[in-house]
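A quick write-up on the structure given underneath.
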Amino acid sequence: MFRSAAVLSALSFAVISASGISTSLQEPGGEPTTKKESSRPERYEIDPVHSTAIFRVGHLGISKFYGRFNLVKGTILFDEKNPGRSRAEILVDAASLDTHDPKRDRHIKGPDFLDAKQFPVLRFVSTEVVLARPDSLRIRGKLEIHGVEREIRLDAVRTGRGEDPWGGYRCGFEARFRIKRSDFGMKFMLGPVGDEVDIILSVEGIRK
Amino acid sequence: MLIQAARGLIPPFLLAGTLMLLLGRRRGGRGEWPPFVAGLVYPIGLLGGSILLQGFPPLPPVSASHRLALAAIPLAFLGPLWKDLENHRGRAWLLGGAAALLCGLYPVWISFARSPWLPSETDPGSLILLALPMLAGAAASTPVRERSKGARGESLVLVLHATTAAVLAATGSMLYGQIAGTLAVVSTISLFAALTNRPRLLGASSLPQGAILGIGLCLAGLAYSEVTTTEAILLCLSWALTPLALGESRPLSWTFLSAGPAMAALVLSIQSLLSDSNPYGY
Chain G
3 MFRSAAVLSA LSFAVISASG ISTSLQEPGG EPTTKKESSR PERYEIDPVH
53 STAIFRVGHL GISKFYGRFN LVKGTILFDE KNPGRSRAEI LVDAASLDTH
103 DPKRDRHIKG PDFLDAKQFP VLRFVSTEVV LARPDSLRIR GKLEIHGVER
153 EIRLDAVRTG RGEDPWGGYR CGFEARFRIK RSDFGMKFML GPVGDEVDII
203 LSVEGIRK
Chain C
48 MLIQAARGLI PPFLLAGTLM LLLGRRRGGR GEWPPFVAGL VYPIGLLGGS
98 ILLQGFPPLP PVSASHRLAL AAIPLAFLGP LWKDLENHRG RAWLLGGAAA
148 LLCGLYPVWI SFARSPWLPS ETDPGSLILL ALPMLAGAAA STPVRERSKG
198 ARGESLVLVL HATTAAVLAA TGSMLYGQIA GTLAVVSTIS LFAALTNRPR
248 LLGASSLPQG AILGIGLCLA GLAYSEVTTT EAILLCLSWA LTPLALGESR
298 PLSWTFLSAG PAMAALVLSI QSLLSDSNPY GY
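Chains as they are written, first to last, in this note's numbering: chain G, 3 to 210; chain C, 48 to 329.
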C-alpha cells in the first residue's frame, strides 16, 4: 500500500537556479482533522545526486534522441495514510541540460528552445494527488516551462522506500509523461525536431 | 532550417508589401508617408513574423522577444514626435536631457515597478536600451531636415538589419536572427519603394524606431544568446552612427563608416562559427 506517496513528487518540476533553488512548499494544515486524517505528511527533500529528469524527442522523423537534466531538486510532502494530502514541488535546472553534445546543449539552452537564461527553472507543482493503485499515484499539477504554465496529469509509481546506510530514510518515485513543446511556446524547428517530448522523472527523497 | 527561416520572413514580406501597394496606389510620386503611418510598418512586419515564429505574444509578455515585438507598437509614436521636434532649435539638447533623465530614473523606477512588461533590472541591456536610441536620435536631427532623395538611407538600414540578423543567427539563436530578418524584409520593401519612385515606407522619421528594435535585438542576443560583448558593441555602434550618414550633404564615406562596425561584427561571428569543429550543425 502505498499510500502515500505523496508522492509525488513526481513530478513536479522546478528548478533550481545557480544560486540554489528553494521550494516554497508548505505542509498542509490549519484545517480541522478527523481521526482518520490525523496523520501528518512526511517531508522529503529531493536528493539531486540520485534524481534525474530524462527526455526524448524525435529527430527528422527518423529516430529519437535522449537528453537529461542533471540537477533536480524539490520537496515532497507524503502522507502515507491519506495520499490525497500529499503534495510535491519539483524544480529542474534548465542550465543542467545534457545531450552529450556541447554544441547542441548550447542551442537547446538558448532562445530557440528553453531560453535558460531567461527561464532558468522548470517547475512542477502538484495540485491533486489520487492513489490509483497500491504504489501508484495519479497526479494533477501545473508544469511551468519557458515561462508558460500548463496543467498536466501524470502517473507516478513509488519505486521503493527504506532506511539508508547513514541512518536516514528515503523514498523513491518515478513518473512518465508526455508534453508538447509547442504548448510551452517552443516552436522552433517543429517538424525536424519533434513536438512531442517524452519525459521520465525519477526522484529520491530524503525524509527530514 | 530554410523552411523555418521562410516561415519567419515571408509573412512580414507579404504584410508590409501589401501595405505598401495599397497605400502606394492612393498616393503617387515620391515622398514619405506621414510619420505615424510609416511607424506602423515595423510593428506590422515584426508582429507578423513573430506570430508565425512564436505564436501570439502572451499578455503580459514573458520573454524579451515578446516584449520587443510589442514595443514596436508604441514606438510608432516616435515618428510623429520626431516630426514635431524637427524645427525645434534646441532639439538635440532636449532629447539629450530626456535621455539623461531616463537613464537616471530608470533603475529606480524599474526596481519598484517589477512589471512583466519591462525588462528586469538584472537585464544588462535594459538601461542601454533606453539610453542609446535616445542618444542616437539626438544626433539624427540633421537627416530629418535633409531627407535623402536617393536610396542610400534605405540601403544602409537594410544592411544593418540584415547584418544584425546574420550575426544573431551565427551566434546561437535562429529565433533572434529571424526576428531581425523580418526587420530586414521590411527594409527591403522600403528600399524597393524608394527605387521605384513609390512613397517610402520608412522615412527618416522611422530611423529611431528601427534603431531601437535593432539595438534591442543585439542586446537580447548579448543577454540571452551567445552574442559577444565585442559584437554587440560593434552592432550598436553602427546603429548609433547611422544618423550621421544620412542626409544629402553627407559624403558617401560616412555611410561606409556607419556600416563598418556591423561588418566587423559579422566577420567576427563568422570567424567564430567557422572555428568550430562542426560549423554546419550537430
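Yeah, the Cβ is synthetic: ideal placement off N, Cα and C, and Gly gets one too.
- Which same chain residues, not among the five before or five after C:T302, have their C-beta less than 7 angstroms away from its C-beta? The residue given as residue 302 of chain C occupies position 255 in the second sequence. The residues are R199, L203 and A292.
request  = Report the residues of the region 115-139 of chain G with a CB closer than 7 angstroms to any CB of chain C, ordered along the chain.
outcome  = Of all residues in the region 115-139 of chain G, D117, K119 and Q120 have a Cβ within less than 7 angstroms of some Cβ in chain C.
(message) Contact criterion: CB-CB distance below 8 angstroms. Does C:E273 meet it with respect to chain G?
(response) Looking up residue 273 of chain C in the second sequence gives position 226. Closer than 8 angstroms to some Cβ of chain G, the Cβ of C:E273 qualifies, so yes.
Given C:V314 as reference, the closest of C:T229, C:S300 and C:A279 once Cα atoms are compared:
Sequence index remark: in the second sequence, residue 314 of chain C carries index 267 (1-based). Among C:T229, C:S300 and C:A279, the Cα nearest to that of C:V314 is on C:A279.
Inset, instruction - Spatial neighbours of C:P308 within its chain, please: CB distance less than 6 angstroms, with the 5 preceding and 5 following residues excluded, ordered by chain position. - result: In the second sequence, the residue the question calls residue 308 of chain C occupies position 261. Correct list, in chain order: L281, L284 and S285.
Checklist entry - Can you list, in chain order, the residues of its chain whose CB lies under 7 angstroms from that of C:P90, leaving out five sequence neighbours each side? => result Within the second sequence, residue 90 of chain C is the residue found at index 43, counting from 1. The beta carbon of C:P90 is closer than 7 angstroms to those of A119, I120 and A123 in its chain, skipping five residues each way along the sequence.
Paired residues, beta bridge with G:R178 - DSSP
Position 176 of the first sequence, counted from the first residue, corresponds to residue 178 of chain G. Answer is G:D157 and G:I202, bridged to G:R178.
ask   = Does the Cβ-Cβ distance between G:P136 and G:D81 come in under 8 angstroms?
value = In the first sequence, the residue the question calls residue 136 of chain G occupies position 134. In the first sequence, the residue the question calls residue 81 of chain G occupies position 79. At the C-beta level, G:P136 and G:D81 stay beyond 8 angstroms of one another.
Quick one: using the 10 Å Cβ neighbour count with 16 as the cut-off for buried, is C:T276 buried or exposed?
Start at 1 with the first residue of the second sequence, and residue 276 of chain C comes out as number 229. Its Cβ having fewer than 16 others within 10 Å, C:T276 is exposed.
How is G:K66 classed by DSSP in three states: helix, strand or coil? Counted from its first residue, the first sequence places residue 66 of chain G at position 64. If DSSP states are grouped into helix, strand and coil, G:K66 belongs with the strands.
Where does C:P107 land, buried or exposed, given buried means 16+ other C-beta within 10 angstroms?
If you number the second sequence from 1, residue 107 of chain C lands on position 60. Around the C-beta of C:P107, fewer than 16 other C-beta atoms lie within 10 Å, and the residue is accordingly described as exposed.
Item to check | Simplified DSSP state of C:A311, which is helix, strand or coil | outcome: Position 264 of the second sequence, counted from the first residue, corresponds to residue 311 of chain C. It is helical.
Spell out whether any CB of chain G is found under 8 angstroms from the CB atom of C:S319.
Translated into positions along the second sequence, residue 319 of chain C becomes position 272. It does not; no Cβ of chain G falls within 8 angstroms.
Q: Can you give me, in chain order, the residues of the region 91-120 of chain C that have a beta carbon less than 8 angstroms from any beta carbon in chain G?
A: When CB distances to chain G are screened at a threshold of 8 angstroms, the residues of the region 91-120 of chain C falling below it are L100, Q101, G102, P105, V109, S110, A111 and S112, in chain order.
Alpha-carbon spacing of G:R209 relative to C:A231, whole angstroms: Along the first sequence, read from residue 1 onward, the residue named residue 209 of chain G stands at position 207. Along the second sequence, read from residue 1 onward, the residue named residue 231 of chain C stands at position 184. Spanning the alpha carbons of G:R209 and C:A231 requires a straight line of approximately 57 angstroms.
### Message
Three Cβ pairs or more, each shorter than 8 angstroms: is that satisfied between the region 190-199 of chain G and the region 145-156 of chain G?
### Response
Here the region 190-199 of chain G does not lie against the region 145-156 of chain G, with fewer than 3 beta-carbon pairs under 8 angstroms apart.
Beta-carbon gap between G:F71 and G:V51 smaller than 8 angstroms: Along the first sequence, read from residue 1 onward, the residue named residue 71 of chain G stands at position 69. Along the first sequence, read from residue 1 onward, the residue named residue 51 of chain G stands at position 49. No, the Cβ-Cβ distance between G:F71 and G:V51 is not below 8 angstroms.
Open item on the list: One question on the structure: do G:E206 and G:S88 come within less than 8 angstroms of each other, judged by their Cβ atoms?
Closed with: Looking up residue 206 of chain G in the first sequence gives position 204. Looking up residue 88 of chain G in the first sequence gives position 86. At least 8 angstroms separates the beta-carbon of G:E206 from that of G:S88.
- Item | For G:E44: DSSP bridge partner residues | Position 42 of the first sequence, counted from the start, is the residue given in the question as residue 44 of chain G. For G:E44, which the question treats as bridged, DSSP gives the partners G:F80.
Quick check on this structure: which residue in G:L99, G:G69 and G:N84 has the alpha carbon closest to the alpha carbon of G:V131?
Counting from one through the first sequence, the residue named residue 131 of chain G turns up at place 129. Nearest C-alpha to G:V131 among G:L99, G:G69 and G:N84: G:N84.
My assumption, with CB atoms under 8 angstroms, is that G:L203 sits in contact with G:I110. Please give the rounded CB distance. Taking the first sequence and counting its residues from 1, the one referred to as residue 203 of chain G is at position 201. Taking the first sequence and counting its residues from 1, the one referred to as residue 110 of chain G is at position 108. At roughly 18 angstroms, the Cβ-Cβ gap does not stay under 8 angstroms, so G:L203 and G:I110 are not in contact.
At least one CB of chain G closer than 8 angstroms to the CB of C:S322: is that the case?
On the second sequence, position 275 is the one that residue 322 of chain C refers to. Chain G, which has no Cβ nearer than 8 angstroms to the Cβ of C:S322, makes this no.
| said: Under DSSP, the alpha helix (DSSP H) around G:D107 begins and ends at which residues? | reply: Numbered from its first residue, the first sequence carries residue 107 of chain G at position 105. Here the alpha helix (DSSP H) through G:D107 covers P104 to K111.
Next on the checklist: Are the CB atoms of G:D49 and C:S110 within a distance shorter than 8 angstroms?
Outcome noted: For this step, residue 110 of chain C is matched to residue 63 along the second sequence. For this step, residue 49 of chain G is matched to residue 47 along the first sequence. With respect to G:D49, C:S110 sits apart: the two C-beta atoms are not nearer than 8 angstroms.
Beta bridge counterpart(s) of G:V94 as assigned by DSSP:
Stepping through the first sequence from its first residue, residue 94 of chain G is reached at position 92. G:V94 is bridged to G:L124.
Checklist entry - On the three-state DSSP scale, how would you describe C:H113? => result Locating residue 113 of chain C in the second sequence gives position 66, where the first residue counts as 1. Correct three-state label for C:H113: helix.
- Whole angstroms is fine: what's the gap from C:G102's alpha carbon to G:V159's? Position 55 of the second sequence, counted from the start, is the residue given in the question as residue 102 of chain C. Position 157 of the first sequence, counted from the start, is the residue given in the question as residue 159 of chain G. Roughly 36 angstroms between the two C-alpha positions.
Q) Quick one: is G:K75 buried, meaning 16 or more other Cβ sit within 10 Å of its Cβ, or exposed? A) Looking up residue 75 of chain G in the first sequence gives position 73. G:K75 is buried by the Cβ-count criterion.
- prompt: Under a CB-based cut-off of 8 angstroms, is G:K37 close to chain C?
  reply: Within the first sequence, numbered from 1, the residue matching residue 37 of chain G stands at position 35. Summary for G:K37: the model assigns pLDDT 45, below 50, so the residue's position carries little reliability; its value from the coordinates is reported in the next sentence. At a cut-off of 8 angstroms, the C-beta of G:K37 has no neighbouring C-beta in chain C.
Per DSSP, which one or two residues make a beta bridge with G:G60? The sequence position of residue 60 of chain G within the first sequence is 58, counting from 1. Per DSSP, G:K66.
| said: Within 10 Å of its beta-carbon, does G:V17 have 16 or more other beta-carbons around it, so buried, or fewer, so exposed? | reply: Your numbering for residue 17 of chain G matches position 15 in the first sequence. In this predicted model, G:V17 has a pLDDT of only 31, less than 50, meaning its place in the structure is not dependable; the value taken from the coordinates is given anyway. Result: buried.
Q: Take G:G174 and list the residues in its own chain whose beta-carbon comes closer than 6 angstroms to its own, dropping the five residues that flank it on each side.
A: Reading the first sequence from its first residue, position 172 is the one you call residue 174 of chain G. Cβ within range, chain order: T161, G162 and E206.
Tell me, please, whether the CB atom of C:S220 is closer than 8 angstroms to any CB atom in chain G? The residue labelled residue 220 of chain C in the question sits at position 173 within the second sequence. Taking 8 angstroms as the CB threshold, C:S220 lines the interface with chain G.
**Item:** Test item: CB-CB of G:R142 and G:R155 under 8 angstroms
**Value:** Taking the first residue of the first sequence as position 1, residue 142 of chain G is located at position 140. Taking the first residue of the first sequence as position 1, residue 155 of chain G is located at position 153. Less than 8 angstroms separates the beta-carbon of G:R142 from that of G:R155.
Any idea if G:G170 is buried or exposed, counting beta-carbon neighbours within 10 angstroms, 16 or more meaning buried?
-> Start at 1 with the first residue of the first sequence, and residue 170 of chain G comes out as number 168. That one is exposed.
Any C-beta of chain C under 8 angstroms from that of G:G149 = As a position in the first sequence, residue 149 of chain G is number 147, starting the count at 1. Yes, because at least one Cβ of chain C sits closer than 8 angstroms to the Cβ of G:G149.
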